[in-house]
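Residue numbers (UniProt numbering): 1 to 809.
Encoded as structure tokens, the structure appears first; notes follow it.
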Amino acid sequence: MKVLKFGGTSVGSAENIRRVKEIVKNQQDDVIVVVSALGGITDKILNAARMAVMGTEYFNTEMTGIKERHEEVVEALFDGEQKETVKETVIHLLDELDKVIQGVSMIGELTPKTLDKIGGFGERLSSHIISQFIDGAQWVDSSKLIKTDSAFGRALVDFEKSEKLVQEAFNGFSGICVAPGFVSSNNAGEYTTLGRGGSDYTAAIFAAALDAYVLEIWTDVDGFMTADPRVIRKAYTIESLSYSEAMELSHFGAKVIYPPTILPVYQKGIPIQIKNTMKPEAEGSFIRASEPNGKDRPIKGISSISNISLITVQGLGMVGVTGISMRLFGALAQEDINVILISQASSENSISFAVDTPKAEAAEQAISNEFEREIAGQQINKVEVESGLSIVAIVGENMKQTTGIAGKLFNTIGKNGVNIIAIAQGASELNISWVVKDGDLRKTLNVVHESFFLSENVEVNIFMLGIGLVGGNLLQQVRQQQEKLMKEKHLKIKLVGVANSKKMLLDRDGITIDSFKERLDAEGEQSGLEAYKQAVIDMNIFNPVFVDCTASNDAADLYADLLNANVSIVTANKVAASSEYENYLKLKKIAKQKGIKFLFETNVGAGLPIINTLNDLVNAGDKIQKIEAVLSGTLNFIFNTIAQDVPMSKTIKMAQEEGYSEPDPRIDLSGIDVVRKLMILVRESGYRIDKEDVVINKFIPDEFFDGSMEDFWAGVSNLDADFEQRRQKLESENKCWRFVAKYEDGKAEVGLQEIEQGHPFFDLQGSNNLVMFTTERYHEFPMIIKGYGAGAEVTAAGVFADIIRVSNV
1 MKVLKFGGTS VGSAENIRRV KEIVKNQQDD VIVVVSALGG ITDKILNAAR
51 MAVMGTEYFN TEMTGIKERH EEVVEALFDG EQKETVKETV IHLLDELDKV
101 IQGVSMIGEL TPKTLDKIGG FGERLSSHII SQFIDGAQWV DSSKLIKTDS
151 AFGRALVDFE KSEKLVQEAF NGFSGICVAP GFVSSNNAGE YTTLGRGGSD
201 YTAAIFAAAL DAYVLEIWTD VDGFMTADPR VIRKAYTIES LSYSEAMELS
251 HFGAKVIYPP TILPVYQKGI PIQIKNTMKP EAEGSFIRAS EPNGKDRPIK
301 GISSISNISL ITVQGLGMVG VTGISMRLFG ALAQEDINVI LISQASSENS
351 ISFAVDTPKA EAAEQAISNE FEREIAGQQI NKVEVESGLS IVAIVGENMK
401 QTTGIAGKLF NTIGKNGVNI IAIAQGASEL NISWVVKDGD LRKTLNVVHE
451 SFFLSENVEV NIFMLGIGLV GGNLLQQVRQ QQEKLMKEKH LKIKLVGVAN
501 SKKMLLDRDG ITIDSFKERL DAEGEQSGLE AYKQAVIDMN IFNPVFVDCT
551 ASNDAADLYA DLLNANVSIV TANKVAASSE YENYLKLKKI AKQKGIKFLF
601 ETNVGAGLPI INTLNDLVNA GDKIQKIEAV LSGTLNFIFN TIAQDVPMSK
651 TIKMAQEEGY SEPDPRIDLS GIDVVRKLMI LVRESGYRID KEDVVINKFI
701 PDEFFDGSME DFWAGVSNLD ADFEQRRQKL ESENKCWRFV AKYEDGKAEV
751 GLQEIEQGHP FFDLQGSNNL VMFTTERYHE FPMIIKGYGA GAEVTAAGVF
801 ADIIRVSNV
């Protein structure tokens, strides 16, 4: 014996009812089919009743819609004599419903008893239609088999009597039987109903009474999901759960089954299978007493409830006073207010609990009335109500005695800038629940889903600023490596924002790299940096990374706000890390406090691992004693290229054209760029330094740095003769020029030096950089890092590496 229950969506149209018939006819067992009303019909019936009690005629319009809906289904499913027979039954029931609604309108009263009578008409109608449509099916009236008390609107099932009646009705049964869900009756034969999700409950009662080997709940989803797929697209079906896990997930918003459904079958050890009427081939979710192979994963799923309010009762007068909780929750029970979550301080001076927001005002009033004397005497503070909140819960039996779950959970949430307002965890360790603001719900669900590896891949959401040479190269490298990163690192880098100097484009679902330029041109909004920063913050997406591939001072000014909003920063822009020391320190501190990343490896040496190596030395307890470095790929290119037939002015132009220099090459020629890089290295070594602490020995006269770029290009050739004369002298002495940065004993300087053959700097080719760290451990033989130090491609590669570091994969 099997019991199959089909929900409102499953029987919501003639097409879906045909699917139901096919599913039922393919069963190899005797089956009882419990059906809900056609999707949305019960709501329409109750709405008609409420309009009728108000004395308006609008209920007639609702009733017309109800009648037309059922007539359309009958017309589509039946023909000939059978159609007329079914129509007669349907019309009879609709006429009965219409008379009751008319009566409500005439007397202007809608009692719980009348509501129970009205509420079950949808199931009575649908079950008659479906039983006639499935060849050979019998129909049984569930209301005569499931008995309850007479508490209309909240009736309790008499399981002993109901079980006996069900067993008698199905004694010797074989074949197919269709029964309405939701409906029941008291001992006087008056209609009662089983409450929200009552059709599930009906099916469970039948299954338990008849010792069915399985209860199948057919709905419009594949089963229990690891999270809400409308929020987390990577959520997937949970193959198997325990009864307790299913109950917890259902309680916290996973609307797959009605929680009380589990009780009758749980007591009999009957498994439940959730199946999708639209995809019957899908395996669905299996709920049973014990969940095999459960130790593979500590949590089974994430669920949430929105539109809740948190009410806090606090006061020193509560400490050590017995009966406070009893009075508090007794007052709420009197008002029929359900408490969803409770959090109490161990000092007993406060209790917080969550209720549905529509009930918050009534709850506040009930508590204020109950504790009126204590509030007046200031033993208890005024009741506080905070709305606009959501509850999130992780559920899993294998959390029990698994260390580190809560730590990992709250660390992950905190790093993403989500404030947890209240926490609750039972001693069973089956569930950890917490309260967040509604605006943080999407981000919370996503980061928790990924943190506990319910998704196979880690997702990093990047916001690009600057899509010139470096930014463009970076995006192409990301595109080329995406498949490999997914396969080998389970890392997905998703472009969700991109901006240039004029426009910005943001898309939470992702921007395809191949078409980002076209979309930016066609869909991008006119914006400035401040607008882009605010848009990034307002998106409030999980695992966000702001990637700055500009050299803009204004862009660097955005960093503090972004970091404070828990957005990690990866930047090729040297401005922030070489700004005033207090600002540099502030940015580092914010990132540390927030548990996020502020990475700028490419600020020195482009793609060379200079800053990371330096950090490793310092973090391991080594002390930097001296830094000597050739840090300008631009200047190294210039002094390696200069020759008798390639004068100084031409080498500068070549450096600009080949992308080695800044757009304004005077920044490189002035030594300012090298000063910035030296400052960053000194700061990362643990020393305080500002720009005025660095001595700059210029090799080009000051007048060349004044005026416009046109003036510079017009006059720079005047330097060629002097440099050529000096170059020839160097060549004769077997020496070369290198623009060197040095820090030792608290003194820092940069300038052009003559380097003899045999020195590590002498053989630097092209735009290569070289850094020598003399430390307490690397004293006799300094550590040397050497390689490409300029160029869009290697700089982009360094930025890319920092993005991967943010992901921690």
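Backbone N, C-alpha and C fix where the C-beta goes; we use that ideal spot for every residue, glycine too.
Inset, instruction - Tell me whether VAL470 is buried or exposed, calling it buried when 16 or more other Cβ atoms sit within 10 Å of its Cβ. - result: buried
Inset, instruction - Could you tell me the distance, in whole angstroms, from the CA atom of LYS87 to the CA atom of ALA207? - result: Their backbone Cα atoms lie some 31 Å apart in a straight line.
Legend entry - Residue span of the beta strand (DSSP E) that contains GLU776, given as start and end: First-last for GLU776: undefined, no H or E at that position.
Legend entry - Exposure label - HIS449; buried when at least 16 CB within 10 Å: buried
Inset, instruction - Decide if PRO701 is buried, meaning its Cβ has at least 16 other Cβ atoms within 10 Å, or exposed. - result: exposed
Legend entry - Contact check, ILE311 vs VAL385, beta carbons under 8 Å: Yes, the Cβ-Cβ distance between ILE311 and VAL385 is below 8 Å.
Legend entry - Residue nearest to ALA629 in terms of C-alpha spacing, selected from ILE513, GLY605, GLU239: Considering only alpha carbons, the answer is GLY605.
Inset, instruction - Decide yes or no for the touch test of the region 461-469 against the region 545-557: beta carbon pairs closer than 8 Å, at least 3 of them. - result: yes
Legend entry - Buried versus exposed call for LEU445 [16 or more other C-beta atoms within 10 Å across all chains shown]: Result: buried.
Inset, instruction - May I ask you to report which of helix, strand or coil DSSP gives SER242? - result: strand
Inset, instruction - Have a look at the DSSP bridge pairing and note the partners of ALA499. - result: Per DSSP, the beta bridge partners of ALA499 are LEU465, MET504.
Legend entry - Alpha-carbon spacing of LYS443 relative to ILE541, whole angstroms: 6 Å
Legend entry - C-beta contact flag for SER717 and THR634 at 8 Å: no
Legend entry - Closest by C-alpha distance to TYR201, when choosing among LEU4, ASN473, GLY396, VAL478: Checked all of LEU4, ASN473, GLY396, VAL478; the closest Cα to TYR201 is LEU4.
Legend entry - Where the beta strand (DSSP E) through ASP356 begins and ends: 350-356
Legend entry - Delimiting residues of the alpha helix (DSSP H) encompassing LEU445: Looking at the DSSP string, the run of the alpha helix (DSSP H) that includes LEU445 is 441-451.
Inset, instruction - Compare the C-alpha of PHE723 against each of GLY317, GLU163, ALA424, SER649 and name the closest. - result: SER649
Inset, instruction - Compute the distance between the beta-carbons of ASP228 and SER304, then report whether it is under 8 Å. - result: yes
Inset, instruction - Helix, strand or coil for ASP116, going by three-state DSSP, please let me know. - result: Of the three classes helix, strand and coil, the one that applies to ASP116 here is helix, per DSSP.
Inset, instruction - Starting from the C-beta of GLU374, find all residues in its chain whose C-beta is less than 6 Å away, skip the five residues before and the five after it, and write them out in chain order. - result: Contacts found: GLY317, ILE380.
Inset, instruction - Look up ASP720 in the DSSP assignment and say whether it is helix, strand or coil. - result: helix
Legend entry - Residues that DSSP places opposite LYS275 in a beta bridge: TRP218
Legend entry - Residue from MET679, PHE286, LEU529 with nearest C-alpha to LYS502: Residue LEU529 is the option with its Cα nearest to LYS502.
Legend entry - Residue range of the alpha helix (DSSP H) that includes GLU384: Careful: GLU384 lies outside any alpha helix (DSSP H), inside the beta strand (DSSP E) at 384-395.
Legend entry - Length of the line joining the Cα atoms of ALA49 and GLY40: Their Cα atoms are separated by approximately 15 Å.
Legend entry - In DSSP terms, what LYS574 is bridged to: Looking at the DSSP assignment, LYS574 forms no beta bridge with any residue, so it has no partner.
Inset, instruction - Tell me whether the beta-carbon of LEU125 lies closer than 8 Å to the beta-carbon of ALA37. - result: Between LEU125 and ALA37, the C-beta spacing is below 8 Å.
Legend entry - Alpha-carbon spacing of LEU558 relative to ILE667, whole angstroms: 22 Å
Legend entry - Within 8 Å, strictly: CB atoms of VAL20 and THR412: no
Inset, instruction - Return the Cβ separation of SER184 and LYS161 in integer angstroms, given the expectation that the two are a contact with Cβ distance under 8 Å. - result: About 11 Å separates the beta carbon of SER184 from that of LYS161, a gap too long to meet the 8 Å contact definition.
Legend entry - Distance, MET225 Cα to GLY294 Cα: Bear in mind that a pLDDT of 47 at GLY294, under 50, signals an unreliable position, so the number given afterwards is only what the model happens to contain. Whole-angstrom Cα-Cα distance: 16 Å.
Legend entry - Touch test, the region 122-141 against the region 171-180, Cβ-Cβ under 8 Å, three pairs minimum: yes
Legend entry - Residue environment, TYR532, which counts as buried when at least 16 other CB atoms sit within 10 Å: buried
Inset, instruction - Given a cut-off of 8 Å, decide if GLN273 and VAL214 are closer than it, judged by their beta-carbon atoms. - result: yes
Inset, instruction - Indicate the three-state DSSP secondary structure (helix, strand or coil) for PRO180 in the structure shown. - result: Under the three-state reduction of DSSP, PRO180 is assigned to strand.
Legend entry - 8 Å contact criterion, which residue 818 and ASN612 should meet: CB distance rounded: Outside the shown range of the chain, which is 1 to 809, sits residue 818, and nothing can be said about it.
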